[in-house]
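Trainee:
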Amino acid sequence: MRGIRLRGGYDHLVEDCVVELLDVTSSDGAVTIASELASATVRNCHLHVDADGVNAIRVKSPNDDADEAVRAGPFRFENVRITGTAADSAAVQAADRRGCTFENLQIHQSGDDRDGIVTTNVEGELLDSCISVTKDPLSLRNSQIERRNVRVGNDPETERCGTDGSPIDGTQTVPE
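Note that the UniProt record's numbering numbers the sequence shown so that position 107 is 107, with each residue one more than the last.
1. Report yes if the C-beta distance between A87 and G111 is below 8 angstroms; otherwise report no.
2. Within its chain, find whatever has a CB closer than 6 angstroms to the CB of N56; leave out the 5 residues flanking it on each side and keep chain order.
3. Which runs of the alpha helix (DSSP H), 4 residues or longer, sit entirely within the stretch 14-95?
4. Return helix, strand or coil for E159, following the three-state DSSP convention.
5. Which residue wins for smallest C-alpha separation from D67, given the options V42, G8, C130?
6. Once you ignore the five residues that flank E15 on each side, which residues in its own chain have a CB closer than 6 angstroms to its CB?
7. Using the Cα positions of R114 and V133, report the straight-line distance between them to the nearest angstrom.
8. Should L138 go down as buried or exposed, given a rule of 16 or more other Cβ atoms within 10 Å for buried?
9. In chain order, what residues of the same chain have a beta carbon less than 8 angstroms from the beta carbon of P62, not counting five sequence neighbours either side?
10. Taking all protein chains shown into account, do 16 or more other C-beta atoms lie within 10 angstroms of the C-beta of L126, making it buried, or fewer, making it exposed?
11. Please state whether the Cβ-Cβ distance between L22 and A51 is less than 8 angstroms.
12. In whole angstroms, give me the CA-to-CA distance for S26 and S129.
13. Give me the DSSP bridge partner(s) of D115.
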């Protein structure tokens, strides 16, 4: 089962949409940046994932023979709300890309062992965002992610992101 999969080319735009993955056996994600895609923007979207082990956003590692443009991006995610009860894996997963910007994300996923944003070998920025999940809000492996105004929490039952991205009771700001 697929949500939106962006495959090849440059400057793709996904805007003003709702994607729901409620009961699927497997999927790469509600929005997936494929290995051969060079740049894209996803903005003003609501991604609702209840399917365990499925990402809301997945930025796949480029193919081994990919040219520099595919590795460099940019890949922008702006004003994206991620909700649902999915367990395991992460709301957002990205690997081996540069130029990744996550701005004004509201992540509220209440399933067991759910991470927020997981990156491996990624360069970019995380700005004005709120993350409330049951496991690790941020897991940034070998990544250089500039962070500003990021709120995190580990109890989605009591810690929720407000509609404007502000936290409600108990969330903490991640050091920049």
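For every residue, glycine included, the Cβ atom is placed at its ideal position computed from N, Cα and C.
Mentor: Per the coordinate set shown:
1. Yes, the pair counts as a contact, with Cβ atoms nearer than the cut-off.
2. The sequence as given places Ala at residue 56; Asn does not occur at that position. Within the same chain, A56 has close Cβ partners A30, L47, V49, I82, A91.
3. Listed in chain order, the complete alpha helix (DSSP H) runs (minimum 4 residues) inside the stretch 14-95 are 68-72.
4. Secondary structure at E159: coil, using DSSP grouped into helix, strand and coil.
5. Nearest option by C-alpha distance: G8.
6. Answer for E15: R43, N44, listed in chain order.
7. Going from the Cα of R114 to the Cα of V133 covers about 6 angstroms.
8. Counting other Cβ atoms within 10 Å of its Cβ, L138 reaches 16 or more and is therefore classed as buried.
9. Contacts found: S35, E36, V70, R71, D96, R97.
10. L126 comes out buried.
11. Taking the C-beta atoms as reference points, A51 is found nearer than 8 angstroms to L22.
12. If I take the Cα positions, the gap works out to 27 angstroms.
13. A90, per the DSSP bridge assignment.
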